[in-house]
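Presented below is the structure to which this report refers.
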Amino acid sequence: MARYIIKRLVYAILTLFVLITLVFFMMRMLPGDPFLGEKAISPTALANMNAKYGLDKPVFIQYLMYMGNCLTGDLGMSITYNRPVMEIVSESFLVSADLGTRALIFAVIAGILLGAIAAIKRGTVWDSLSMFIAMIGVSVPSFILGAVLQYFLGLQLRKAFGVNIFPIQGWGTFKHTLLPAFALGLGSLATVSRLMRTSMLDVLSSDYIKTARSKGLSQNQILWRHALRNAVMPVVTIMGPTVASVLTGTFVIESIFNIPGLGKYFVTSIKDLDYTMIGGTVVFYGALLIVCTLVVDLLYGLIDPRVKLED
Amino acid sequence: MKNRLLAWLLCLAMLLTIGAVAVAETNPNAGLGYYPGTAEKGAISVECSTMSVMNPIKMTYNTELGIARHTQDCLVKLSPVDNQIVPAAAESWESSEDGLTWTFHLRPGMKWVNSKGEVVGDVTANDFVFGWRELLNPANACEYYAFAAVFKNAQAYYDYASGVPGAPEVKIEDVGFKAVDDLTLVCELENVLPYFLQYVKFEVMSPIYEPFYTEIGADNYGTSPDTMLYCGPFYMTDWVLENKITTVKNPYWWDAANVELEAINWIKYTDTNAKMNAFQGGEVDLIDVTGEQRQMFTGEGFKVSNYVGGYSFYFYCTQDDPARDISNKNLRKAISYALDREQLINTVFKNDSEPSPTFSLGISGVNTETFSEAVIAANGGERLYPANADVEKAQEYLALALEELGKTADQIDITLMVSEGTQNELYNQVVQEQLRKNLGIQAKIEVLTITEARARRNAHNYDMFAGGWGPDYNDPMTDLDLWTTTNGNNHTGYSSKKYDALIALAMVETDMVEREQIFVKCEKLLAEDMPIVPIYWRHEDYVVSEKMAEGYARLPFQSYNLIYTKLAD
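Protein chains in written order, with this note's numbering: chain G, 763 to 1073; chain C, 896 to 1464.
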């Protein structure tokens, strides 16, 4: 097990190295430069600005310096915000992770339940209802869902009945998390419940369930002790990337609900050509993704003892 | 008897008008009960766009400068009532006869407070000296250092300190500003600058308290509420990056007795619908609105306000590449006459934006209210650029152009370079259609990211590109020196000895009437040579909740002045 983890960590570092290198040179190939604003800057001032952020050195030297700094955990100073990238990323990640965790808990619990119910009550109205919810979750984009929730539950509920339980935008209290967490979670809920349904149907028709039935186990014991544990495996598989993407925030939900999360920096840093910020967000996301996949692989071993991690 | 009554009524009307002028804005929807506004007592929440940097010397964005206007005090500031210079940190000032030396007398008893509202020290003349030195410090790489470069030896010092090859040594002590005592600041200018006070009112010229700044360090100063100090009407207590800033009334500010607001929350929105919902739901008191939203509000009887920020929009046209058809002056003139500016505004913006009669906007005139009026008066009352298409004239110029180019209209090759964005693209499509309809020219459209478009613009690698300009100070120079040969913002390659000479003349002319006439000539020469095709003057629409009764202002050079906002009872 320890050997496996070490091996995976070495791979992880290699992956990150390639990722940083690719991103570093790709962003330098984007046309324009970070100081290209609407108004012109005098050549001397421009030279000073380039010098301040180390952009006056040859690109390869900058690359070496950036790599060196990354090794010490220093992602540099954001050109747009004039403060350490690490500080911005960690502050906004906490917000995104807070929202994301709520959305995930909702998505996973409700998704597994809905999927399981749909499979057990296959062909009944429960099945159709569960799959209808899943269909909405998959087919309605989050920006529409967010806007609809905001308009009806946030604004109209307040205007029509004076009920003020759902703030329209902003961040800071529990109330502020309700609508965005629902809007963010519904997509994942749909995926989880559909996967869960398929896999549960598979499991329920397998031989060992028949054996359990013939042993005379109760329906509940069969479902909770035998079926669910095996059926949940595919859900665990997709949890790695889902966790990474939900926790790091989404541009859309954060814009609609005005949440100070990490999501927007993935978009704005590229638009502003804030090199250090682009690098920082990508490295952070990459690292998180790698950690999540590793955790998922380790979880396999726990849930299904047949999986041998040393292979 | 009747006449006397009329005279009395007239007098009364005049008094009322004067009364109305004396306050900045009055809420047009006061008491109508549409949108009562936010619930927080004594505080308002307003929309604010960019808020990436709060260290005043590093600011570049309008909205950042707008927040600094509320948290710092420069020597002078602009009145929310009439946009004229009024005393701020300086109680009074005088200039020498030659206009080169200015002495400012600071208000005694001004205090620096921190993010907790505690007094940290006194504001002295040295704080201005220190702030301006930091602005000129190359290590800080301040984009707007040029505001401090007007002082004697300042540019020379900046060049020397930046290591410009061949720049002679200049010490910072030799730069033309010094604190004679705690409350007296003497400034020496490199050249006569009739609008010098417009420079010192600019928020990057804020004072900085040296002991605190040194303790925090230049790079950390102003990166959070507790890493900077405040001497203005409000101080910052909370700042969530790219999301929200909270400023609270500073009881130690010299005019605090006249400030009614307890706090201002500045909120950044990225989604226009969300912002609209927030306004209607009472989560924000002031937001900018789009043309569609304006129609919606107007439809329900709610009045939308608008203000002129001074932004003039136009098409840059490349001049210096003879291989491009657009380098032909008559073709550019044909385009200017072929464009229906009014239709363009009605289709794209659906608001009160005006077709540009001249290039320069928002600048005061010497004997007229605006400089633009002086230009029109000098042009026999005619605008320089038509509001509606003048197809006949357009065709005349087109015929000349085609002859010079040796082409037919369908052979004319023009590409409109566009930066991404629905509105930008629509704007250019309308222009494309008008050129097709009125000139028979089939222009192409090329959509690029904003950074790529700017890079191409700066390299003069385009035919036509829609751009805009907002003035930095209230003098025609802020707009008109753009088109000199060496100006970094002249992205057209326009180079006219005559134009350069006029600007050089305006630099030294001290008679304000004469000087204005020089600028009038510049405007007319621009219309003649047409390096740019001016299109419209932007009016920005906004709505205000009924919580804000009066006293707020949105004007050129001060997009937000909320200091003296009075709240509805």
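All C-beta atoms, glycine included, are put in the ideal place defined by N, C-alpha and C.
**Message:** Looking at the strands, I want to know which residues DSSP matches up with Asp-1076 of chain C.
**Reply:** DSSP lists C:Thr-1079 as partners of Asp-1076 of chain C.
**Item:** His-1386 of chain C - DSSP class collapsed to helix/strand/coil
**Value:** In the structure shown, His-1386 of chain C falls within a coil segment according to DSSP collapsed to helix, strand and coil.
**Asked** By a C-beta neighbour count over all protein chains shown, 10 Å radius and 16 as the cutoff for buried, is Lys-1066 of chain C buried or exposed?
**Response** Classification of Lys-1066 of chain C: exposed, given that the 10 Å Cβ count is below 16.
**Request:** Taking only the alpha-carbon atoms, compute the straight-line gap between Leu-985 of chain G and Leu-792 of chain G and give it to the nearest angstrom.
**Result:** CA-CA distance, Leu-985 of chain G to Leu-792 of chain G, rounds to 55 Å.
**Message:** Any beta carbon from chain G within less than 7 Å of Glu-986 of chain C's own beta carbon?
**Reply:** No, Glu-986 of chain C lies away from the interface with chain G (no Cβ there is under 7 Å from its Cβ).
**Asked** Quick one: is Ala-1269 of chain C buried, meaning 16 or more other Cβ sit within 10 Å of its Cβ, or exposed?
**Response** Buried is the label assigned to Ala-1269 of chain C, since at least 16 other Cβ atoms lie within 10 Å of its Cβ.
**Item:** Range of the contiguous beta strand (DSSP E) that encloses Arg-1433 of chain C
**Value:** DSSP places Arg-1433 of chain C in the uninterrupted beta strand (DSSP E) bounded by 1427-1439.
**Asked** Looking at the structure shown, is Ala-993 of chain G part of a helix, part of a strand, or coil, going by DSSP?
**Response** Here Ala-993 of chain G sits in helix by DSSP.
**Asked** By Cβ distance below 6 Å, which residues in the same chain neighbour Gly-1011 of chain G in space, the five residues on each side in sequence not counted?
**Response** Closer than 6 Å at Cβ, skipping near neighbours: Ser-858, Gly-1023, Leu-1024, Gly-1025.
**Message:** Checking 7 Å against the spacing of the C-beta atoms, do Tyr-1437 of chain C and Ser-1200 of chain C come in under that value?
**Reply:** A contact, by the Cβ cut-off of 7 Å.
**Prompt:** Are the stretch 1216-1228 of chain C and the stretch 1273-1280 of chain C touching by the rule of at least three beta carbon pairs closer than 8 Å?
**Reply:** Cβ pair count under 8 Å is below three, so no.
**Prompt:** What does Gly-794 of chain G touch in chain C if you count any residue whose Cβ is under 7 Å from its own?
**Reply:** Going along chain C in sequence order, the residues near Gly-794 of chain G (Cβ under 7 Å) are Thr-1346, Glu-1347, Arg-1349, Ala-1350.
**Cross-chain neighbours of Ser-1101 of chain C in chain G, by beta carbon under 7 Å** = By Cβ distance, chain G contributes nothing, its closest Cβ being about 16 Å from Ser-1101 of chain C, past 7 Å.
**Asked** Are Ala-1074 of chain C and Ala-1020 of chain C touching if we call contact CB-CB under 7 Å?
**Response** Remark: C-beta atoms of Ala-1074 of chain C and Ala-1020 of chain C approach each other more closely than 7 Å.
**Asked** Given Pro-929 of chain G, which residues of its chain have a CB within under 6 Å of its CB, disregarding the five upstream and five downstream residues?
**Response** If we look at Pro-929 of chain G and ignore the five residues flanking it on each side, its Cβ neighbours are Lys-937, His-938.
**Request:** Measure from the C-beta of Tyr-1040 of chain C to each C-beta in chain G and report whether the shortest distance is under 7 Å.
**Result:** Tyr-1040 of chain C counts as touching chain G.
**Item:** Cβ pair count under 8 Å reaching 3, the stretch 917-933 of chain G against the stretch 978-993 of chain G
**Value:** Under the 8 Å Cβ criterion, the stretch 917-933 of chain G does not count as touching the stretch 978-993 of chain G, having fewer than three qualifying pairs.
**Asked** For Leu-1061 of chain G, which three-state DSSP category applies?
**Response** Taken through DSSP and simplified to helix, strand or coil, Leu-1061 of chain G comes out as helix.
**Prompt:** Based on Cα-Cα distance, which residue from G:Met-962, G:Lys-972, G:Val-1005 lies nearest to Arg-991 of chain G?
**Reply:** Among G:Met-962, G:Lys-972, G:Val-1005, the Cα nearest to that of Arg-991 of chain G is on G:Met-962.
**Asked** Is the CB of Thr-1118 of chain C under 7 Å away from at least one CB in chain G?
**Response** With its beta carbon less than 7 Å from one in chain G, Thr-1118 of chain C belongs to the interface.
**Request:** From the DSSP output, read off the bridge partner residues of Cys-1212 of chain C.
**Result:** Beta-bridge pairing links Cys-1212 of chain C to C:Met-1359.
**Request:** Just the C-alpha distance for Lys-1047 of chain C and Lys-1461 of chain C, rounded to the nearest angstrom, thanks.
**Result:** C-alpha separation (whole angstroms): 42 Å.
**Request:** Measure the alpha-carbon distance for Thr-958 of chain C versus Ala-1036 of chain C and round it to whole angstroms.
**Result:** The C-alpha of Ala-1036 of chain C is placed about 20 Å away from the C-alpha of Thr-958 of chain C.
**Message:** So, with DSSP's three-state summary, where would you put Met-962 of chain G?
**Reply:** For Met-962 of chain G, the three-state secondary structure derived from DSSP is helix.
**Rounded separation between Ile-1021 of chain G and Trp-933 of chain G - CA only** = Ile-1021 of chain G and Trp-933 of chain G: Cα-Cα distance of roughly 6 Å.
**Message:** Can you tell me where the beta strand (DSSP E) holding Ser-1010 of chain C begins and where it ends?
**Reply:** Unbroken run through Ser-1010 of chain C: none, as it is neither H nor E.
**Message:** For a test of the three-state rule: what should DSSP assign to Lys-921 of chain G, helix, strand or coil?
**Reply:** If DSSP states are grouped into helix, strand and coil, Lys-921 of chain G belongs with the helices.
**Message:** Would you say Asn-810 of chain G lies against chain C (beta-carbon separation less than 7 Å)?
**Reply:** Chain C, which has a Cβ nearer than 7 Å to the Cβ of Asn-810 of chain G, makes this yes.
**Item:** Leu-781 of chain G versus Gly-1048 of chain G - alpha carbon distance
**Value:** Approximately 8 Å between the Cα atoms of the pair.
**Asked** From the DSSP output, which residues share a beta bridge with Gln-1453 of chain C?
**Response** DSSP lists C:Leu-1450 as the beta-bridge partner residues of Gln-1453 of chain C.
**Request:** Starting from Tyr-843 of chain G, find everything on chain C with Cβ-Cβ shorter than 9 Å and list it in chain order.
**Result:** Neighbours of Tyr-843 of chain G on chain C, chain order: Ser-947, Val-948, Thr-1118, Leu-1136, Glu-1137.
**Prompt:** If contact means a Cβ-Cβ distance below 7 Å, which residues of the stretch 909-923 of chain G contact chain C?
**Reply:** Here the close residues are Ala-909, Gln-912, Tyr-913, Gly-916, Leu-917, Arg-920.
**Request:** Please list the partners that Pro-1146 of chain C has in chain G, where partner means a Cβ-to-Cβ separation under 8 Å.
**Result:** Ordered by position in chain G, no residue passes the 8 Å Cβ test against Pro-1146 of chain C, which lies about 26 Å from the chain.
**Asked** How long is the line joining the alpha carbons of Leu-856 of chain G and Thr-1142 of chain C, rounded to whole angstroms?
**Response** The alpha-carbon separation between Leu-856 of chain G and Thr-1142 of chain C amounts to approximately 24 Å.
**Message:** To the nearest angstrom, how far is the alpha carbon of Thr-834 of chain G from that of Tyr-956 of chain C?
**Reply:** CA-to-CA, the gap between Thr-834 of chain G and Tyr-956 of chain C works out to about 33 Å.
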